Amino acid sequence: MRRETQATMSPRAAAETPADPPMPSAHVPASALVYETLRARIVSLQLPPGARLSRPELAAAFGVSQSPVREALLQLEAVGLVATFRQSRTEVTLIDPAKLRQEHFLRAGIECEVANALAAAPDKSVLLKARGILKMQEALSDDLHQIELFRELDADFHRELFAAAGQEALHGLVADRSSQMARVRALDLPRTSKMRSVIEGHAAVLAAIDAGDRHGASDAMRRHLSGSIERLPEIVAQRPDYFAAR
Numbered sequence: 001m002r003r004e005t006q007a008t009m010s011p012r013a014a015a016e017t018p019a020d021p022p023m024p025s026a027h028v029p030a031s032a033l034v035y036e037t038l039r040a041r042i043v044s045l046q047l048p049p050g051a052r053l054s055r056p057e058l059a060a061a062f063g064v065s066q067s068p069v070r071e072a073l074l075q076l077e078a079v080g081l082v083a084t085f086r087q088s089r090t091e092v093t094l095i096d097p098a099k100l101r102q103e104h105f106l107r108a109g110i111e112c113e114v115a116n117a118l119a120a121a122p123d124k125s126v127l128l129k130a131r132g133i134l135k136m137q138e139a140l141s142d143d144l145h146q147i148e149l150f151r152e153l154d155a156d157f158h159r160e161l162f163a164a165a166g167q168e169a170l171h172g173l174v175a176d177r178s179s180q181m182a183r184v185r186a187l188d189l190p191r192t193s194k195m196r197s198v199i200e201g202h203a204a205v206l207a208a209i210d211a212g213d214r215h216g217a218s219d220a221m222r223r224h225l226s227g228s229i230e231r232l233p234e235i236v237a238q239r240p241d242y243f244a245a246r
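Below you can see the structure in the form of C-alpha cells.
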C-alpha cells in the first residue's frame, strides 16, 4: 500500500518573494510581466491570502516605475486576487468560497463541452499528445519535489484539449476566471494521493474521448474538475486563515 505524503510550507516561507523576479524586455510590456509574475505567485500561494503588496517595493524589485505596477495591481483586482484599501494599501484577497463555486460552475461548463466536442470526432494525434503529457505526470506522481512541474503539465493537458477543440482562446479566459480555484488546488494538490487522482481523471477523460463516448467524456471531465470542491470543507478546516467567512 502506498503511503500518503503531503508537502508542508511554513507561513514565513510562503510569504517570501523570490529575490530575482524576471526583468521586463522590449517584447513584453512591463505591466504584463508584473501581472503574470504576481498572479503566478498568488495562485501558487508564494504570496498567500492576506499578504501585503507595496507598490514602491514591487517597482524596485522589477526594475520598473510604479505605473506598470499600478496597472498590474488593477488587473489583479479585476480578477479578484488583490484588494486595495485606504491609503493605497493593497493585500492579496482571502479565498471566497462563493466566488470559488461560481468559478467552478464556469470552468466545468466550458470544459465538459470541450470534452464532448472532442469525443464527437476523436483525433488520434490529439490523444497521442495528451497521453504523452499524462505519461510525464505519471513519472512525477510520487515526487512532491516536482509539484510545480506537475502543475505545469496539468495546465498543458487542459490547454491541449482546448486547442484540439478549436477553443484555445477560451483556455486563457477560463484560467483568468479561475483564480480562486487555482489557489484551492494549490492547497489540495501537494498530496501524492491527489496527484494520482488527477492522473486517473485525465486518463478517464481520454478513454471516453477515444471511445467516442460524448456523455462519458463530459461526465469524466466533470468528476475530474470537482475533486477539490468536494474536499472544500476539509481544505478550509486545514487553513481557515486563508478563507473569507461564508
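For the sequence shown, the residue numbers in UniProt numbering are 1 to 246.
Backbone N, C-alpha and C define an ideal beta-carbon position, used for all residues, glycine too.
Bear in mind the structure is a predicted one, so any value in this text is a computation, not a measurement.
The segment 74-85 and the segment 127-140 do not touch, with fewer than three beta-carbon pairs separated by less than 8 Å. The beta-carbon distance between residue 224 and residue 202, rounded to whole angstroms, is 7 Å. This is short enough to meet the 8 Å contact definition.
In this chain, the beta strand (DSSP E) harbouring residue 83 covers 82-84.
The three-state reading of DSSP puts residue 92 in strand, counting E and B together. One thing to note: residue 49 has its Cβ within 7 Å of the Cβ of residue 94.
For residue 242, no alpha helix (DSSP H) encloses it, and the DSSP letter there is neither H nor E. Ranking 76, 138, 57 by CA distance to the CA of residue 151 puts 138 first.
A contact between stretches requires three or more CB pairs, one per stretch, nearer than 8 Å, and the segment 217-235 fails this requirement with the segment 27-44. In the three-state scheme derived from DSSP, where H, G and I count as helix and E and B as strand, residue 198 is classed as helix.
With 16 or more other CB atoms across the displayed protein chains lying within 10 angstroms of its CB, residue 188 is buried. The residues 115, 217, 220, 221, 224, in chain order, have a CB closer than 7 Å to that of residue 205 in the same chain once the five nearest residues on each side in sequence are set aside.
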